[in-house]
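Notes follow once the structure below has been shown.
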């Protein structure tokens, strides 16, 4: 590389900071819209149920790294530095809806799908093709910017909790851990954990469904709502 | 912007095949590396090819003393330089 020539990283960092004010605006807009859309569900939550909305701006390093990993050999071609753009990422601005139990995940998904009709679904599929997706994910444009897509996802709170621990191992591994997460053994254990979390949710849903007192409560709540 | 679309599958049997032949996975670069054979397989290549094709590539005699890269799109000289500097 000639002296003074700018690296792919330099160019992408510059692009990131030029986009940052817009990314922040998009995050604010999307978070507000999602929360507003979920208000009817939030109001009906039982004591044991949870619906949490979080929002984040993807940091510069993660954005750079994600784009790099999309290239074959996870390496940018310095001779085509100008061709790379962070606007090709769908999650510079992201909102996550965490819900428990599973039926609230499905309700939130239905409500948001109705609200964001033009957004592209991109579900995180489970390793078992017959299972429901692990998370419902959508991306599209917000009013605050038409330069890049924003993303929102709806995920079970238990799965999200596991991902909080697992993702940094997979996506930001320390040198000593590199490769560990991708080994067949670790992949199998990850599948086992996700299966166990789902089994917990299913069992919980069954118990609640069978609980006669909970049924009474639900009826009372419905009557109250109608009245 | 060139985005690779991965259509094939990276099966556990392909991973075992490579690991049994002395290849280790580099998470950071998403490729299998064998320092002794001086060969590198990108994940995209592994997904794209059958086990037999991968095995044939592993058996291929390397030309010269440099690294040999098995990529779907043969890497450009600049990418090879960068990867060689990482691989040492």
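Protein chains in written order, with this note's numbering: chain W, 799 to 1025; chain F, 8 to 95. From the three backbone atoms N, C-alpha and C, an ideal C-beta is built for every residue, glycine too.
The beta carbon of residue 65 of chain F sits no closer than 9 angstroms to any beta carbon of chain W. Counting the other Cβ atoms within 10 Å of the Cβ of residue 76 of chain F gives 16 or more, which makes it buried. Annotation: Cβ neighbours of residue 867 of chain W in chain F (cutoff 8 angstroms, chain order): 37.
Counting along the chain, residue 952 of chain W sits inside the beta strand (DSSP E) bounded by residues 943-954. Closest by C-alpha distance to residue 845 of chain W, out of W:899, W:823, W:868 and W:1000, is W:899. For residue 49 of chain F, the nearest CB of chain W lies under 9 angstroms from its own CB, placing it at the interface with that chain. For residue 999 of chain W, the closest C-alpha among the options W:904, W:919 and W:966 is that of W:904. Residue 940 of chain W is bridged by DSSP to W:943. Secondary-structure assignment with DSSP links residue 882 of chain W through no beta bridge to anything.
Taking the Cβ atoms as the reference, residue 870 of chain W lies roughly 5 angstroms from residue 51 of chain F, within the contact range of under 8 angstroms.
In the DSSP assignment, residue 90 of chain F falls outside any beta strand (DSSP E) and lies within the alpha helix (DSSP H) extending over 84-94.
Here residue 990 of chain W is exposed. Its C-beta has fewer than 16 other C-beta atoms within 10 Å. The C-alpha of residue 988 of chain W lies about 43 angstroms from the C-alpha of residue 803 of chain W. A contact between stretches requires three or more CB pairs, one per stretch, nearer than 8 angstroms, and the segment 13-30 of chain F fails this requirement with the segment 826-844 of chain W.
Less than 9 angstroms separates the beta-carbon of residue 932 of chain W from that of residue 992 of chain W. With contacts defined as CB atoms closer than 9 angstroms, residue 810 of chain W and residue 873 of chain W fail to qualify as a contacting pair.
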